[in-house]
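Everything on this sheet refers to the single structure shown next.
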Amino acid sequence: MAAISNFITSLKNAAKVGKKSFSIDSSKKLESIAKILFEEGFIEKYSVIDEKNNKKTLTITVKFRDKKPVFTDIVQISKPGLRIYRNIEEVPHILNGLGTAILSTNKGIVSDKFARENNVGGEYILKIW
3 MAAISNFITS LKNAAKVGKK SFSIDSSKKL ESIAKILFEE GFIEKYSVID EKNNKKTLTI
63 TVKFRDKKPV FTDIVQISKP GLRIYRNIEE VPHILNGLGT AILSTNKGIV SDKFARENNV
123 GGEYILKIW
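Under my numbering, the letters of the sequence shown match residues 3 to 131, in that order.
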């Protein structure tokens, strides 16, 4: 979970100062989150670079519109000290569908839309709008 908070902080900071891209140590969980953010249109692109010593780096390109990031805020919900779980009835609608909630389910890390379509709940990782 510390990696997720580092990812969120890096994304917020890059957007705040107008930095086009940033890199962070990669993991399968972070790659899945980046994929969802890309599919939902919150980031421009992402790539995973294999380096030496079996180390991977995730590079995120922040998406801007009129020199402002396309997302307003991103918040980590579930934390190491307090895990938050939601069943399918409790999966939130972020700004009536303008934002996205990301959940860790038995089908992998998914968006709130996918969770509702496939009738699954899970750990509520973060929300972005």
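The beta carbon of each residue, even a glycine, is placed where N, CA and C say it ideally should be.
CA-CA distance, G99 and F40?
Here residue 99 refers to the residue found at position 97 of the sequence shown. Here residue 40 refers to the residue found at position 38 of the sequence shown. Rounded to whole angstroms, the separation of the alpha carbons of F40 and G99 is 16 Å.
Are I104 and L128 closer than 8 Å when you measure CB to CB?
Position 102 of the sequence shown, counting from 1, holds the residue named residue 104. Position 126 of the sequence shown, counting from 1, holds the residue named residue 128. For I104 and L128, yes; Cβs fall inside 8 Å.
If we ignore side chains and look at the alpha-carbon of each, how far apart do V64 and I96 end up?
Here residue 64 is taken as the residue at index 62 of the sequence shown, counted from 1. Here residue 96 is taken as the residue at index 94 of the sequence shown, counted from 1. Each residue's alpha carbon lies about 21 Å from the other.
Mind reading off the beta-carbon distance from D114 to V93? Whole number of angstroms is fine, and I expect it under 8 Å.
Along the sequence shown, one-based indexing puts residue 114 at 112. Along the sequence shown, one-based indexing puts residue 93 at 91. Correct: roughly 5 Å between the Cβ atoms.
By Cβ distance below 6 Å, which residues in the same chain neighbour K18 in space, the five residues on each side in sequence not counted?
Taking the first residue of the sequence shown as position 1, residue 18 is located at position 16. Cβ within range, chain order: n/a, list empty.
Kindly list the residues whose CB is nearer than 6 Å to the CB of G124, restricted to its own chain and excluding five residues on each side of it in sequence; keep chain order.
Your numbering for residue 124 matches position 122 in the sequence shown. L105, S106, T107.
Under the three-state DSSP convention, the category S28 falls into
Position 26 of the sequence shown, counting from 1, holds the residue named residue 28. If DSSP states are grouped into helix, strand and coil, S28 belongs with coil.
In terms of DSSP beta bridges, what is K81 paired with?
Start at 1 with the first residue of the sequence shown, and residue 81 comes out as number 79. K81 pairs with L84.
Three-way DSSP call (helix, strand, coil) for D68 in this model:
For this step, residue 68 is matched to residue 66 along the sequence shown. Residue state, collapsed to three classes: coil.
Short of 8 Å in beta carbon distance, which residues of its chain neighbour T59, apart from the five on each side in sequence? Order them along the chain.
Within the sequence shown, residue 59 is the residue found at index 57, counting from 1. S25, I26, D27, S28, V50, I51, E53, listed in sequence order.
For a quick check, are the C-beta atoms of I62 and I38 less than 8 Å apart?
Along the sequence shown, one-based indexing puts residue 62 at 60. Along the sequence shown, one-based indexing puts residue 38 at 36. Not closer than 8 Å, so no.
Short Cβ contact (8 Å threshold) for F66 with I130
Working through the sequence shown from its first residue, we reach residue 66 at position 64. Working through the sequence shown from its first residue, we reach residue 130 at position 128. Cβ atoms of F66 and I130: not closer than 8 Å.
Where does the unbroken alpha helix (DSSP H) through V19 begin, and where does it stop?
Taking the first residue of the sequence shown as position 1, residue 19 is located at position 17. Its alpha helix (DSSP H) spans residues 4 to 19.
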